[in-house]
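Contents: one structure, followed by commentary.
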Amino acid sequence: MTEQTAMAARTQEHSSEPSRSAELYKKALDVMPGGCSRNTVLRKPHPLYAKHGEGCYVTDIEGVRRIDFANNMASLIHGHAHPAVVAGVTEQLQKGTAFTLATEAEIEYAVHMCSRNPGFDKIRFVNSGTEAVMSCLKAARAYTGRPKIAKVEGAYHGLYDYAEVSQTAKPENWGDMNNPVSVPVAHGTPTSALNDVVVIPFNDPERAIAILDQHADDLACVLVDLLPHRVGLIPASAEFVQALHKWTRANGALLVCDEVITFRSNYGGAQEWYNVRPDLTAMGKMIGGGFPVGALAGREDVMDVMNPLADKVLFPHSGTFSANPITMIAGLISMKLFDKAAVEKLNQLADYARASIAEAIRLADIPACVTGAGSMFRVHMKAQAPQDYRSGFVDQAEAAATKILLDHLFANGIMMINTCSGTLSTAMTQNEIDILSEAMLGGFRKIKQHQAL
Ligand SMILES: Cc1ncc(COP(=O)(O)O)c(C=O)c1O
């Protein structure tokens, strides 16, 4: 099938002929709960299935090409099928993909990653961001001998029981701001896990410290994402980060930064924006060059809890596919390409994107705003930028408006993350940003029309 415009595809979606995607989804529903292995790909009435991607464009199996601002949830820093990554991985594929032997590729990549940040004395690779965060929390417990962890209300850190607490808290169960409730995500989460998670509000140093003080002797670490997407993609304030850092120093706890998404923000991660050095950093997503990955890096004495050569191994740590050579090679090629100049250029393009969207909001004269930093942005259907999870909470009216906007963008050839967030790839240029802001303007105007009805 030749490639068609998103507009033509919409016409096809409304025709009586079932699309190939609709047929595939029927088959998928028979064998997978919800018809998929990750909820992120779901769309109503059915997901669309990918045919191929190239640079910042993805073509689905109906033949429709869209600009990809989702980038597999912020994991493709150079877009799709970068020729250098394809070449490196193809060469390794022919030699084997996983061994019960170590590989040179792992060492080379470890050296490169440690050179990007002066706080990365040592690094270990794992297979996902979830695993990276889990390993950081277990390392912090092993190092301190303490059971509890603290985390920011609403922040997403993957699926580990402890890390996911409060991620989906709602007004009816989140409790008092001075003492947020540890709300489980999955039914059946043990109460013991909930009791070992201390929830603090984002960007509120006074309240956060007062809460941490109540658990000072039991806290192994404070876990923080410096630009938490689910909280609202609002940068952490310097005061907040410094307060957490100072508190952990004074109370024998560790500071753990989740940079699974934000490592893209600077050459050595978003932490370069702040004058603090975390003890451990979790990474993932883009550092895999398009393949499954996670990593944790940090202080030598802390990382040493995983050292199998020690007399007593405090945290035995392993993984069948950890540091497999495909991921290591793809990651190394991608990260070498993402040098300081590339980071700077991408962040400047994102500044332009945020300014262009703000201008579209102004022209449409609609209560909306854009947040973000580095190479990411998020559009909120709120007049004021939120400050934390509670002020960023999306009510029904905002959710309805966001859906109109996302549908409009999708129909006009633009794929976003379903929170109306976008992440840039180095394959993008000002041209793609101009197409985005034009489509945003159309989307905002459509929302206004709906609201006037
Ligand atoms: C900040 C953050 N931490 C951890 C994770 C979990 O990573 P993964 O999906 O690779 O397990 C994510 C995934 O979106 C994330 O955004």
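Just so we're aligned, residue 5 is where the sequence shown starts under the numbering used here, counting upward by one.
Every residue, glycine too, gets a C-beta built ideally from N, C-alpha and C.
Keep in mind the model is a prediction, meaning the values are calculated, not measured.
Apply the 10 Å Cβ neighbour rule to lysine 316 and answer buried if 16 or more other Cβ atoms are within range, or exposed otherwise.
Label assigned to lysine 316: exposed.
Please return the same chain residues whose Cβ sits closer than 8 Å to the Cβ of leucine 300, not counting the five positions on each side in sequence.
Excluding residues within five positions, the ones whose Cβ falls inside 8 Å are Ile127, Arg128, Val130, Ala136, Ser139, Cys140, Ala143, Leu284, Thr285, Ala286, Met287 and Met307.
Sort Ala26, Lys55, His56 and Gly59 by Cα distance to leucine 46 and report the nearest one.
Looking at the Cα atoms, Ala26 is the closest of the given residues.
For a test of the three-state rule: what should DSSP assign to lysine 99, helix, strand or coil?
Looking at lysine 99 - three-state DSSP - the assignment turns out to be coil, as it is neither helix nor strand.
For a minimum of 3 consecutive residues, which ranges assigned as the beta strand (DSSP E) are wholly contained in the region 283–322?
Counting whole runs of 3 or more residues, the region 283–322 contains the beta strand (DSSP E) stretches 284–288 and 298–302.
Quick check on this structure: which residue in Val297, Arg70 and Phe73 has the alpha carbon closest to the alpha carbon of threonine 324?
Selected option, being the one with the closest Cα: Val297.
Since arginine 382 sits in a beta bridge, which residues does DSSP pair it with?
DSSP lists Thr375 and Ser425 as partners of arginine 382.
If we ignore side chains and look at the alpha-carbon of each, how far apart do asparagine 121 and aspartate 399 end up?
When rounded, the distance between both Cα atoms is 39 Å.
Using DSSP's beta-bridge definition, name the partner residues of threonine 63.
Its beta-bridge partners are His56 and Arg69.
Using the three-state DSSP reduction, which class does leucine 216 fall into: helix, strand or coil?
Reduced to three states, the DSSP call for leucine 216 is helix.
Let me know the secondary structure DSSP gives leucine 231 once reduced to three states.
Coil, per DSSP.
Which residues in the same chain have their Cβ closer than 7 Å to the Cβ of tyrosine 166, if we skip the five residues on either side of it in sequence?
So the list reads Leu141, Ile153, Ala197, Asp200 and Val201, once near-sequence residues are dropped.
If I measure Cβ to Cβ from isoleucine 265 and keep anything under 7 Å in the same chain, skipping five residues before and after, which residues do I get?
These residues qualify, in order along the chain: Ala78, His233 and Lys289.
Take every Cβ of the region 354–373, pair it with every Cβ of the region 254–263, and state whether three or more of those distances are shorter than 8 Å.
Not touching, per the Cβ criterion.
Starting from isoleucine 337 and walking both ways along the beta strand (DSSP E), at which residues does that stretch end?
Counting along the chain, isoleucine 337 falls outside any beta strand (DSSP E), though it belongs to the alpha helix (DSSP H) covering 329–341.
Any chance the CB of asparagine 223 is under 8 Å from a heavy atom of ligand 1?
The sequence given here has leucine at residue 223, not asparagine. Not so, every heavy atom of ligand 1 lies at least 8 Å from the Cβ.
From this set, Phe381, Thr134, Glu402 and Gly447, which residue's C-alpha is nearest isoleucine 238's C-alpha?
Per the Cα distances, Phe381.
By alpha-carbon positions, which one of Asp217, Cys424 and Ile330 ends up nearest to threonine 44?
The shortest Cα separation from threonine 44 among Asp217, Cys424 and Ile330 belongs to Cys424.
Just the Cα atoms here: how many angstroms apart are aspartate 221 and arginine 150?
If I take the Cα positions, the gap works out to 8 Å.
So, is leucine 99 buried or exposed, given that buried needs 16 or more other C-beta atoms within 10 angstroms?
A small fix is needed here, since residue 99 is lysine in this sequence, not leucine. Burial call: exposed.
Ordered along the chain, which non-local residues of its own chain (more than five positions away) have a Cβ less than 7 Å from that of serine 429?
So the qualifying residues of the chain are Cys60, Asn75, Leu80, Ile81, His82 and Gly83.
Starting from cysteine 225, follow its DSSP beta bridges and name the residues at the other end.
For cysteine 225, which the question treats as bridged, DSSP gives the partners Ile153 and Leu258.
Please determine whether the Cβ atom of glycine 298 lies at a distance below 8 Å from any heavy atom of ligand 1.
Result yes, Cβ under 8 Å from ligand 1.
Name the DSSP beta bridge partners of phenylalanine 129, please?
Per DSSP, Ala299.
Identify which residue in Thr107, Arg24, Met117 and Thr104 has its Cα closest to the Cα of phenylalanine 342.
For the residues Thr107, Arg24, Met117 and Thr104, the minimum Cα distance to phenylalanine 342 belongs to Met117.
Does the CB of glutamine 98 have a neighbour CB from chain B at under 9 Å?
No chain B is present in this structure, which holds just one protein chain.
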